[in-house]
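Below is one structure, written out as structure tokens, with a few remarks after it.
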Amino acid sequence: MYHKDAASAEPVYTLITGASQGLGKAFARECAMRKMNLLLVSLPGEGLPELCRNINREFGVDVQCMETDLTKPDGPSRVYHWAVPRYRVNMLINNAGLGGSRKYDECSIDYIDTIIMLNIRAVALLTKLLIGELKNHSRSYILNISSIAAFSPVPFKTVYPASKSFIYSFSRGLREELRGTPVKVSVIHPGPVMTNPEVIERIHRQGMLARLLMLPAERVAHIALTRTFKGHTVITPGFFNKLYKWMMKSLPVGLRIFIASRTLRRELDDKRKYVNKIKVA
């Protein structure tokens, strides 16, 4: 089913951005377990070629990689010109993204610009560039990675949840536009994802709510792909994430902001204490 398109004898590929670590790496391995050939994209210097070799050896699928910066003006077009002339792409997973918690007035211009360029511009342009190729298959998919944060403003993140709200709106609108074509668009809203010890520690600093919403990256990737192939439009993995999403849609905006503010303020205060402790030591 995944090695070849039903309409062609040629092998087909899934293109994953931000594939070298975290959720992107979990997506790559989950796809490989399903015998899907891969085109993996990430920043240089993150061990992507080694990951490709390891996945190829372990799962026996073809894995190709490209190291590039999607926040650069020509980033999305470079990926397109590398992938489409050489490979038949029948799935795009827009996973690359940047977040973090910090006060807006303490953020650098470059930090804000990078979030916008990666979380919004790269997704919109790479999707636009690949739609023609995706329409050439009997069945194809776009999976966009949003966040549970998309459903409410979040102080001390500010730009990140706004960017993920864009992904949600963009995905829903695009799915309707592509109705009647072979291309199905899905969007997933994970909560905090367990990827590495540093991330897990940061999630724990946010308190009980964040810990309840936390899921392993492998679990999120499995749920996302399973439900995408079943035709789900919006995917929210995990019971507590579904409950949180319902709360965020039901509560007054002011109360949502208050809850989020308390959670993130605790993380920032704990982080500040930790940094000060290291300085004193």
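Numbered by this note's numbering, the letters in the sequence shown go through residues 22 to 302 in order. The C-beta atom is built at its ideal place from N, Cα and C for all residues, glycine as well.
Runs of the beta strand (DSSP E) lying entirely within the region 105-129, each at least 3 residues long, are 109-115 in chain order. For threonine 35, the enclosing beta strand (DSSP E) has its first and last residue at 33-38.
Ranking Arg55, Ile278, Ala30, Ile37 by CA distance to the CA of threonine 247 puts Arg55 first. DSSP places valine 204 in the uninterrupted beta strand (DSSP E) bounded by 204-209.
Per DSSP, leucine 139 is not a residue of any beta strand (DSSP E), being assigned neither H nor E. Around serine 98, the same chain offers Leu146, Leu150 as residues with beta carbons nearer than 8 Å, after the five sequence neighbours per side are excluded. For leucine 272, the three-state secondary structure derived from DSSP is coil. Relative to the Cα of cysteine 86, the nearest Cα in the group Pro65, Trp267, Asp95 belongs to Pro65. By the Cβ rule, the region 62-81 does not count as touching the region 263-276, because fewer than three pairs are nearer than 8 Å. Three or more beta-carbon pairs separated by less than 8 Å are not found between the region 41-48 and the region 119-127, which leaves the two stretches without contact. Glutamate 154 carries a helical assignment under DSSP once its states are collapsed to helix, strand and coil. DSSP, read as helix, strand or coil, puts glutamate 88 in strand.
Comparing C-alpha distances from isoleucine 163 to each of Ser184, Arg193, Val175, Pro182 shows the shortest one belongs to Arg193.
The shortest CA-to-CA distance from glutamate 79 to any of Ile130, Thr135, Tyr132, Asn58 is the one to Asn58.
Counting C-beta pairs with one atom in each stretch, the region 131-145 and the region 179-196 have three or more that are closer than 8 Å, which means they touch. The region 170-177 makes no contact with the region 247-258: fewer than 3 CB pairs, one atom from each, lie closer than 8 Å. Residue pairing by DSSP puts valine 255 in a beta bridge opposite Val208. Looking only at Ile244, Ile280, Tyr34, the smallest Cα-Cα distance to proline 106 is reached by Tyr34. In the same chain as arginine 196, and ignoring 5 residues on each side of it, the C-beta atoms closer than 8 Å to its own belong to Lys205, Val206, Ser207, Thr254, in chain order. In this structure serine 161 touches proline 203 by the C-beta definition: roughly 5 Å separates them, less than 8 Å. Nearest C-alpha to glycine 81 among Cys52, Asn111, Glu239: Cys52. A Cβ-Cβ distance of about 7 Å is found for the pair leucine 155 and valine 110, placing them in contact under the 8 Å criterion. Around the beta carbon of valine 100, 16 or more other beta carbons lie within 10 angstroms, which makes this residue buried. Bounds of any beta strand (DSSP E) do not take in isoleucine 169, whose DSSP letter is neither H nor E.
Annotation for leucine 195: no beta strand (DSSP E) segment contains it, though the alpha helix (DSSP H) segment containing it runs 180-198. In summary, proline 273 is exposed, with fewer than 16 beta-carbon neighbours lying within 10 Å of its beta-carbon over all protein chains present.
Scanning Gly120, His102, Ala143 for the CA closest to the CA of aspartate 90 turns up Ala143.
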